Each structure stands twice: as C-alpha cells, then as structure tokens.
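Trainee: First the structure, then my questions, so here it is.
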Amino acid sequence: MRIATWNVNSIRLRLDNTLAWLKERQPDIVCLQEIKCQDDQFPRAAFEAAGYNVAVHGQKGFNGVAVLSKLPFDEVTTGLPGDGEDVQSRFIEVVVSTGRGVVRVCGIYLPNGNPPDTEKYPYKLGWMARLRALVQQRLALEEPLVIAGDYNVIPEPEDARDPALWVNDALFLPKTRAAFRSLLNLGLTDAVRAVSDAPGLYTFWDYQAGAWQKNNGIRIDHLLLSPQAADHLKAIGIDKHARSWEKPSDHVPVWAELDLPARA
DNA sequence: ATGACTCAGGAACTGAGA
C-alpha cells in the first residue's frame, strides 16, 4: 500500500497536475492540503472517475484538506479536537480496511505560524499540542497509523538548503522543532528519515527569487508512522519532478510504501 | 537594500502563504 501527501495549493488550479501524478505514481491513499475551496467546489467526480473515494474538509478561499482512497472509507472524521473556537479546516482522519486489518490515516495542514510575533505563532504551537494529544490517544489503539501532511516544520538543519535563512522563521524556531520532536518522541517514525539521512531531500521551493532554480528548498511535508506502520515500511519517495511541471504547486508529493495489502 | 511569486475573492486590491 502506497500512502502519499501533497500540498497542491488549490485543487481546482492543480486538477490536471494531480490527475497526471495519480496516474504515474498510483498511490492508494493521498492526503491533500491547501485545496482552497469549499466541499461542494471540490472536483470530486474527476477523482472518482480515476478510481478514488473522496473525503473533503474544505473552507472558502484558503486552507482545506482532503483524502483520496482506492479503498472505501470505514470512517471519516474532520477537525482537530481541543479548541471549539478553531474554524480553520486543517485536519481529516480516515480508516480503511485491508486484507490484514485496518489502516488509519490522518491528513494535516499544520499552521504556518508566521510572523512569530503575532497571534499566528501561539496558534501554531497550540495546534501542535492538540495534535500531540490526539496522536497519544491514537497510539493506544496499536494500529498502523500514518500522520501525513504539510507540517510547516523544518525538523533539522540538513532539512534546509540554507538553514541560516530560517533561524527566525516559525518553521524552524526552537519551540517549533521541540514540539515536532515531542511528537516523534511519542514513538513515531519519520518515514523519510527512516530510509535516508541524506541532505537535500526537499519538498518545498518558494515561488519567489528563483528558489527552485537555485534548489533553495526545505523539507516540511512529512509522513509520521506508528510502530505498527513503521514495521511495514518498505520504501519512500519524493516526487521532485512535479515541481518542474507547468503551473506547479510550490510543494511536491511525498509517499511511503507499506508492506500491507491495498485491498480489503 | 529590497523585493522578488502565486493563489482566492471579487472586481482593485488585500490577505495568506513559507
């Protein structure tokens, strides 16, 4: 079973790119972020025609997450618990059944948090604390669990081409990195880092200042695995070439292959 | 030195992104 994440930066503008990538990579489950539309504006029929079930948690104009799955959904829940005032669409959780039991997938779009001297940064840190609490509960289920998405966290200096550029940024501040480590320390495995310690495994290049041409990238899109998922990890990939396509997202797809059947 | 793009909304620009 191949599980992927991709921040598409508007699903309506990126529909053709997304369909082309699905055909090429053949993922079984895909978490999408920044769909930037309401539920009824999501191009559901195009993905259903490509063989996917669709779960959407959108909002008007920005944010928004969705999950595509070749397997039918046993459960779909939306919204990260822990703050009744939070109206931003950044969390979706699904459960599917395989021939060897269930797989649980959380799709997340973690807040950016910039500028750090505004209310946006405490919102980010609060969101990370709420995510940690949820993950702690889910780990007690002892299921294969994948938390996939745009974390807006640069975990380590080698995850940026030029870490000095990011020292005062919400993506790389000590409190951000500490909160990410605290999540990992619950017992999660960063799928990419389980396979490679190489530098340069970037997932985002800014549209500005020729960041792509200069390979001035960062690694901020991650798949974190529960022990029951990590035990089945076979391979990972970062589909960097999607950044060079016509009308690209500023993020590229990241995927993990688990040695679990992709059929019920 | 600074800004540099790209999106949605809604009809000229602003907010947001990272």
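Quick note: the first sequence uses my numbering, first residue 12, plus one each step.
Where a beta carbon is used, it is the ideal one built from N, C-alpha and C, also for glycine.
In this text the structure is predicted, and so the values were computed from the model without any measurement.
Checking the sheet assignment: what are the DSSP bridge partners for V113?
Mentor: Numbered from 1 along the first sequence, position 102 holds the residue referred to as residue 113. Beta-bridge pairing links V113 to S108.
Trainee: Quick one: give me the first and last residue of the alpha helix (DSSP H) that V263 is part of.
Mentor: Your numbering for residue 263 matches position 252 in the first sequence. Here V263 belongs to no alpha helix (DSSP H), and DSSP marks it neither H nor E.
Trainee: Should the stretch 208 to 221 be regarded as contacting the stretch 147 to 158, the criterion being three or more beta carbon pairs within less than 8 Å?
Mentor: no
Trainee: How many angstroms separate the CA atom of A66 from the CA atom of M12?
Mentor: Locating residue 66 in the first sequence gives position 55, counting from the first residue. Locating residue 12 in the first sequence gives position 1, counting from the first residue. Straight-line Cα distance between these residues: approximately 19 Å.
Trainee: Count the other C-beta atoms from every protein chain shown that fall within 10 angstroms of the C-beta of G112, then say buried if there are 16 or more, exposed otherwise.
Mentor: On the first sequence, position 101 is the one that residue 112 refers to. When all chains shown are included, G112 counts as exposed.
Trainee: Identify whether Q224 lies in helix, strand or coil by the three-state DSSP scheme.
Mentor: As a first step, residue 224 is located in the first sequence; it is residue number 213 there, counting from the start. Q224 falls in the coil class under three-state DSSP.
Trainee: In chain order, what are the residue ranges of uninterrupted beta strand (DSSP E) at least 3 long that sit wholly in the stretch 37 to 84?
Mentor: Annotation note: the stretch 37 to 84 contains the following uninterrupted beta strand (DSSP E) runs of length 3 or greater, listed N- to C-terminal: 40 to 44, 64 to 68 and 76 to 80.
Trainee: Use the C-beta contact count for Q37: other C-beta atoms within 10 angstroms, 16 or more gives buried, fewer gives exposed.
Mentor: Along the first sequence, one-based indexing puts residue 37 at 26. With fewer than 16 other Cβ atoms within 10 Å, it is exposed.
Trainee: Roughly how many whole angstroms lie between the Cα atoms of D128 and P238?
Mentor: Residue numbering aside, residue 128 sits at position 117 when the first sequence is read from its first letter. Residue numbering aside, residue 238 sits at position 227 when the first sequence is read from its first letter. The straight-line gap from Cα to Cα measures roughly 37 Å.
Trainee: Helix, strand or coil: how does DSSP classify E153 here?
Mentor: Sequence index remark: in the first sequence, residue 153 carries index 142 (1-based). Residue state, collapsed to three classes: coil.
Trainee: May I ask which residues mark the beginning and end of the beta strand (DSSP E) holding K245?
Mentor: Locating residue 245 in the first sequence gives position 234, counting from the first residue. K245 -> beta strand (DSSP E) spans L244 to I249.
Trainee: What three-state label does DSSP hand Y162 in the structure shown?
Mentor: As a working mapping, residue 162 is identified with position 151 in the first sequence. Y162: coil per DSSP, three-state reduction.
Trainee: Between which two residues does the beta strand (DSSP E) containing T187 stretch?
Mentor: Translated into the one-based positions of the first sequence, residue 187 becomes position 176. Run containing T187: none in the beta strand (DSSP E); it sits in the alpha helix (DSSP H), P185 to L195.
Trainee: Taking just the CA atoms, how far does R274 sit from P83?
Mentor: For the purposes of this step, residue 83 is taken as the residue at position 72 of the first sequence. For the purposes of this step, residue 274 is taken as the residue at position 263 of the first sequence. Their Cα atoms are separated by approximately 10 Å.
Trainee: So A15 is in the beta strand (DSSP E); what residue range does that whole segment cover?
Mentor: Residue mapping note: residue 15 aligns to position 4 of the first sequence, counting from 1. Run containing A15: R13 to N18, per the beta strand (DSSP E) assignment.
Trainee: Measure the Cβ-Cβ separation of W138 and L91 and say whether it is below 8 Å.
Mentor: Working through the first sequence from its first residue, we reach residue 138 at position 127. Working through the first sequence from its first residue, we reach residue 91 at position 80. It is a contact, given that the beta carbons lie within the stated cut-off.
Trainee: By Cβ distance below 6 Å, which residues in the same chain neighbour R192 in space, the five residues on each side in sequence not counted?
Mentor: Within the first sequence, the letter at position 181 stands for residue 192. Nothing meets the Cβ criterion.
Trainee: Taking contact to mean 3 or more Cβ pairs, one atom from each stretch, closer than 8 Å, check whether the stretch 225 to 240 and the stretch 74 to 81 are in contact.
Mentor: no
Trainee: Between A171 and the rest of its own chain, which residues show a CB-CB distance below 6 Å, the 5 nearest in sequence each way excluded?
Mentor: The residue given as residue 171 occupies position 160 in the first sequence. Contacts found: I165, W177 and I229.
Trainee: Looking at C-alpha atoms only, which residue of L269, T214, H243 and H233 is the closest neighbour of P259?
Mentor: In the first sequence, residue 259 corresponds to position 248, counting from 1. The option with the nearest alpha carbon to P259 is T214.
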